[in-house]
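K.L.:
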Amino acid sequence: MSSFDNIGHEALLGQLGTFPARELVRQWLKAGFMENGVFHDTDAGTPQGGVISPLLANIAFHGMETAVGVRYNNRGEVISHRGLVRYADDFVIFCENEADANAARAEMAALLAPRGLSLSEKKTRIVHLSDGFDFLGFNVRQYLVPTTRTGLKLLIKPSRESVKKLKERLRGEWRTMRGQNITAVLKRFNPVIRGWANYNRGQVSKRIFANLDNWMFHHEVRWATCTHPRKPWYWLKRRYWGQLRQTSRSPWVFGDALGSKASLLQFSWTPIERHVIVKGRNSPDDPTLDAYWDARSKRRHAELGGWQRDLAQRQKGVCPRCGESLHNGEHLFVHHLKPLRLGGTRDKDNQQLLHLFCHQQAIADEKQARRRKRIA
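Whatever position you read off the sequence shown (first residue = 1), add 1 for this note's numbering.
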C-alpha cells in the first residue's frame, strides 16, 4: 500500500483551509471506484493515477520541514542542525547524531499520524552517512579523503540496485532482439540508454558509464555472432563496428557501419553535468523570474537527441502548439508541418518539436482541415 492509499480525507481537506474549490476536491476524494463491476467507497487515500493526486499528496505532506525544525537563510541554504530532502512520499532527514535522528523519527511519526499516514517499518532506518544509503536510485555515502579540508567527501553515485535493474532490462531486450536487424536494435536501445544516462548525469557516474559500455560491448558481440553464425569475425567487425561518431576516433562504435551509419549510443558519451540548485526560494510561479527559469530550461536541451536538441534550441525550449516548456515531463515528437506523404521534406524548416498530446491534436486538426476541403 502506498501513501496515496492512506491519506486521511479530513486532514487533507483541513490543509486546504478556505480554498474555493475545497468542496469539489472533497467530492473527488469521496467519488469511489469500480472494480469488476462492483462499486467501492473511498474513505481514505487519493485516486491512484489521478492527475490531481500528486498535488494532493504534496499538500498532505506540507509542513514536514517545519515539524522537524529545518530552517533556511535568504539564499536557500540550510542553517539548522537538520536537513530534509523529499520526493513524493520518499524522504531523508539528515541529523548530527543518532539520538537526534531517533527524535526526528518520533516527531515525523507524530506529524503523519493525524493525516492517516505512518512510517514504513521496512524502509525506515537510521544509518551513518559513512555507511551510505540508497535514495531514488542513487547511493549517498561519505568517504574518508585526507586531502580535503574536513577529511571527508560526500559522493552520490548510481546505486548498485539501480545498475542491476538496468542490466536486467537490457539483458531482456537483447533476448528479444534475436533475429531482428540492426535498425530495430538501435531503435530499441537508444532511448533506454539516453534516458538512464540523462537521469544519472548529474552524479558521480563516469566510471559506471564506462563499465556499462564494456558490458554492452560483450552483448553486441554476442548478438552479432548469433545473428550471423557462419560469418567470420572480420566480416562482423566491418559490418557492425566502425568510426560512426564524428566527434570520436574510436573504430569500435556499434551500429549500421555499411548502411545508414547510425550508431548505438554509449553511456560515456553523456557528459557529467552537476545539478545547479535553485536559488533561494525562487518559484516558477513568480512572473518576475521568467528569465531565470528560461535559462534553467535551456540547460535541459542537452538531455535530448541531436535532432530534437537542435529543434528545441531553435524553438527556445517552447512547444509552439501550447506555448508551454518542452521540458515538462511529457513525451516529445517531431511533427512535420507538411506531411511526408503530401510531399513534405525532412528538413528542419518543415519540422517542429511538440508534446505528445500537442502532436496528436495537430494531426487531428490537419485531418479535419483536409476533410473540410474535400467537402467544399
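Cβ atoms here follow ideal geometry from the backbone N, Cα and C, with glycine treated the same way.
It should be emphasised that the depicted structure is a prediction, and the values quoted were computed from it without experimental measurement.
Which partner residues does Pro147 have in the DSSP bridge list?
P.N.:
Answer is none; Pro147 lacks a bridge partner.
K.L.:
Could you check whether Phe268 and Leu213 sit closer than 8 Å to each other, using their CB atoms as the reference points?
P.N.:
Yes. Within cutoff.
K.L.:
By alpha-carbon positions, which one of Thr226, Pro272, Asp91 and Ser121 ends up nearest to Gln181?
P.N.:
For the residues Thr226, Pro272, Asp91 and Ser121, the minimum Cα distance to Gln181 belongs to Thr226.
K.L.:
Check whether the Cβ atoms of Leu137 and Val146 lie closer than 8 Å to each other.
P.N.:
No.
K.L.:
Does any heavy atom of the ligand ZN sit closer than 7 Å to the C-beta of Lys31?
P.N.:
In the structure shown, the ligand ZN is absent, as is every other ligand, since no ligand is present at all.
K.L.:
Between which two residues does the alpha helix (DSSP H) harbouring Gln369 extend?
P.N.:
From DSSP, the alpha helix (DSSP H) with Gln369 extends over Leu357 to Ile376.
K.L.:
Taking the alpha-carbon of Ser121 as reference, which of Tyr144, Glu367, Glu66 and Asp91 has the nearest alpha-carbon?
P.N.:
Among Tyr144, Glu367, Glu66 and Asp91, the Cα nearest to that of Ser121 belongs to Asp91.
K.L.:
For Asp311, which of helix, strand or coil comes out of DSSP?
P.N.:
Asp311 falls in the helix class under three-state DSSP.
K.L.:
Give the range of the beta strand (DSSP E) segment to which Tyr235 is assigned.
P.N.:
Taken as a continuous stretch (DSSP letters only), Tyr235 belongs to no beta strand (DSSP E), being part of the alpha helix (DSSP H) at Trp234 to Tyr241.
K.L.:
Which runs of the beta strand (DSSP E) at least 3 residues long sit entirely within the region 209-279? Give them in chain order.
P.N.:
With a minimum length of 3 residues, no continuous beta strand (DSSP E) run stays inside the region 209-279.
K.L.:
Quick one: what's Gly9 bridged to in DSSP?
P.N.:
In the DSSP output, where bridge partners are listed per residue, Gly9 has Ala45.
K.L.:
For Val164, does the three-state DSSP call read helix, strand or coil?
P.N.:
Helix, per DSSP.
K.L.:
Less than 8 Å separating the beta-carbons of Ala61 and Leu112?
P.N.:
No, these two residues do not count as a Cβ contact at 8 Å.
K.L.:
Rounded to a whole number of angstroms, what is the C-alpha to C-alpha distance between Arg342 and Ile376?
P.N.:
The alpha-carbon atoms of Arg342 and Ile376 are separated by roughly 21 Å.
K.L.:
For Ala313, which of Ala292, Val335, Tyr293 and Trp294 has the nearest alpha-carbon?
P.N.:
Comparing Cα positions, the closest option is Val335.
K.L.:
Since Thr184 and Asp257 should fall inside the 8 Å C-beta cutoff, what is the C-beta to C-beta distance between them, to a whole number of angstroms?
P.N.:
So it is a contact: roughly 7 Å between Cβ atoms.
K.L.:
Between the alpha carbons of His10 and Ala22, how many angstroms are there, rounded?
P.N.:
Going by the C-alpha atoms only, they are around 15 Å apart.
K.L.:
With a threshold of 16 other CB atoms inside 10 Å of the CB of Asp128, please say whether the residue is buried or exposed.
P.N.:
The residue asked about is misnamed: residue 128 is Val in this sequence, not Asp. Exposed is the call here.
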